[in-house]
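Report on the following structure.
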Amino acid sequence: MERFTVRLTAAHKPAGGKPLVFKNPVLTASGTFGYGMEFAPYGDLTHLGGIVVKGLSLRPRPGNPLPRVAETPCGMLNAVGLQNDGVESFLKNKLPRLPWHETPIIANLYATSPDEFGELAAILAAEEGIAGLEVNISCPNVKNGGILFGQDPKLAAEVTEAVKKHAGHLPVIVKLSPNVTDITVIARAAEEAGADALSCINTLTGMAVDVTTRKPLLANVIGGLSGPAVKPVALRCVWQVCNAVKIPVIGIGGITCARDVLEFILVGAHAVQIGTMNFIRPDAAFRIAEELPQLCQQLGIKNLADYRGTLQL
Ligand SMILES: Cc1cc2nc3c(=O)[nH]c(=O)nc-3n(C[C@H](O)[C@H](O)[C@H](O)COP(=O)(O)O)c2cc1C
């Protein structure tokens, strides 16, 4: 349906490169939807707007020690630590099984230096099945890199430039952290460094403890909070970022239903990603994508592009 199609291109940017077009605004969030195929039994992957795969690094990573997830009221904490098979294994064994001809597959990148980010981007840009790159400068669960890049505008710009330099025709989405004093400072730094779009938010740092064992629930002690508990923070961040930059913004954080999707579009997001909700119901993203047109019809919303950013203050 054309009126639900999303084009992730910034109006002010010169044309060039491959446009990122989603058939609907409902994507899945990195780290919560595996490499994609794991969720094929629960719905048709070609009905999703896009799939952002689990964070990829140059070499395989074992992740953090267990336990690395804990349930919290209306949310969860994780300190998975970007466990993954490495980029080469993903490209050889996972990507060919994904319906990349029909659904944009976005690779999520993790590296420990701008040069390494550039190297990873170059490997992914050479692959036909990758539609875009999402740069994770906001992971709170790793010792090197991650959130450190996302808390300093200079480093955020350096990473963005390094990825853009090697991304070829691929659009580059920079994923922002809410764990900063002013998210708009990092958003502007990434935009000025050439980001084609931004996504926010990654998880909020948090911790949980057990009064009986006197131990933290996560072996890593601190983890990232996600799920419905973070939605108001995410909405605030997306609204602030949409008002600060000209490039498109993808909203993430606590989305559980089609109504939540509209909330993010109302504050200015072009598209959204479904994260923790995939653990609650593995068919959640499919269901939300299906319900969105029905909800729009009920509310008299004819076209998402016209509805976007129309919050009345
Ligand atoms: C278990 C888990 C693993 C995650 N792994 C990644 C990751 O590899 N890369 C990344 O950019 N974000 C990762 N995230 C963050 C999510 O993509 C998302 O930004 C965050 O959870 C907020 O959305 P939600 O509240 O809908 O889950 C992860 C989140 C969870 C819960």
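Each residue of the sequence shown is one higher than the one before, counting from 1224 in the working numbering. In this text, a Cβ means the ideal position worked out from N, Cα and C, and glycines have one as well. Values in this document were obtained by computation on a predicted structure and should not be read as measured data.
* Cβ separation of Ala1385 and Ile1424, assumed to be a contact under 8 Å, to the nearest whole Å -> So it is not a contact: roughly 23 Å between Cβ atoms.
* CA-CA distance, Ile1396 and Ile1473? -> 9 Å
* Going by DSSP, what residues sit across from Phe1245 in a beta bridge? -> Val1229
* To do: Could you tell me whether any non-hydrogen atom of ligand 1 is closer than 7 Å to the CB of Met1430?
  => no
* Asp1308 (DSSP reduced to helix, strand or coil) -> coil
* Asked: So, Thr1326 versus Leu1268, is the Cβ gap smaller than 8 Å?
  -> yes
* Asked: By how many angstroms is the C-alpha of Leu1522 removed from the C-alpha of Leu1347?
  -> 41 Å
* What are the start and end residues of each continuous alpha helix (DSSP H) run of 4 or more residues lying completely inside the stretch 1411-1491, in chain order? -> 1454-1467 and 1481-1489
* Identify every residue that forms a DSSP beta bridge with Glu1294. => Met1299
* What number of angstroms, rounded off, separates the C-alpha of Leu1518 from the C-alpha of Ala1481? -> 7 Å
* Neighbourhood of Gly1450 by C-beta, 7 Å cutoff - its chain only, sequence neighbours within 5 removed -> Cys1297, Gly1298, Met1299, Gly1477 and Thr1499
* Along the alpha helix (DSSP H) that carries Ile1511, what are the first and last residues, could you check? => Ala1507 to Leu1522
* Asked: Quick one: does the C-beta of Thr1383 sit closer than 7 Å to a heavy atom of ligand 1?
  -> no
* To do: Could you tell me the distance, in whole angstroms, from the CA atom of His1270 to the CA atom of Val1434?
  => 45 Å
* **Backbone secondary structure at Leu1279 - three-state DSSP** => strand
* Nearest-angstrom Cα distance between Pro1319 and Gly1391? -> 21 Å
* **Those runs of the alpha helix (DSSP H) which lie wholly inside the stretch 1310-1356 and span at least 4 residues** => 1337-1348
* Gly1257 by DSSP, collapsed to three states: which one? -> coil
* Leu1250 - DSSP class collapsed to helix/strand/coil -> strand
* Asked: DSSP beta-bridge partners for Gln1496?
  -> Leu1250 and Ile1475
* **Residue closest to Pro1322, alpha-carbon to alpha-carbon, out of Leu1289, Ala1263 and Arg1230** => Ala1263
* Whose C-alpha, out of Ser1400, Pro1439 and Gly1257, is nearest the C-alpha of Gly1278? -> Gly1257
* Asked: Over what stretch of residues does the alpha helix (DSSP H) that includes Ile1396 continue unbroken?
  -> From DSSP, Ile1396 is part of no alpha helix (DSSP H) but of the beta strand (DSSP E) over Val1395 to Lys1398.
* DSSP three-state assignment for Gly1273, whether helix, strand or coil -> strand
* Ala1252: beta carbon under 7 Å from a heavy atom of ligand 1? -> yes
* Cut-off 7 Å between Cβ atoms - residues of its own chain near Pro1237, not counting five sequence neighbours on either side -> Note on Pro1237: pLDDT 47, under 50, position unreliable in the model; the coordinate value appears next. Here the set comprises nothing.
* Count the other CB atoms within 10 Å of the CB of Lys1377; is the residue buried (16 or more) or exposed (fewer)? -> exposed
* To do: Could you name the residues of the same chain whose beta carbon sits closer than 6 Å to that of Pro1288, not counting the 5 residues immediately before and after it, in chain order?
  => Ala1442
* Asked: Is the closest heavy atom of ligand 1 to the C-beta of Val1249 under 7 Å?
  -> no
* Apart from the five residues on each side of it in sequence, which residues of its chain come closer than 8 Å, Cβ to Cβ, to Leu1534? -> Trp1462, Leu1489, Val1490 and Gly1491
* **Residue range of the alpha helix (DSSP H) that includes Lys1525** => Taken as a continuous stretch (DSSP letters only), Lys1525 belongs to no alpha helix (DSSP H), as it is neither H nor E.
* Residue from Ala1302, Arg1531, Lys1469 and Asn1359 with nearest C-alpha to Ala1252 -> Asn1359
* Simplified DSSP assignment, three categories, for Thr1407 -> helix
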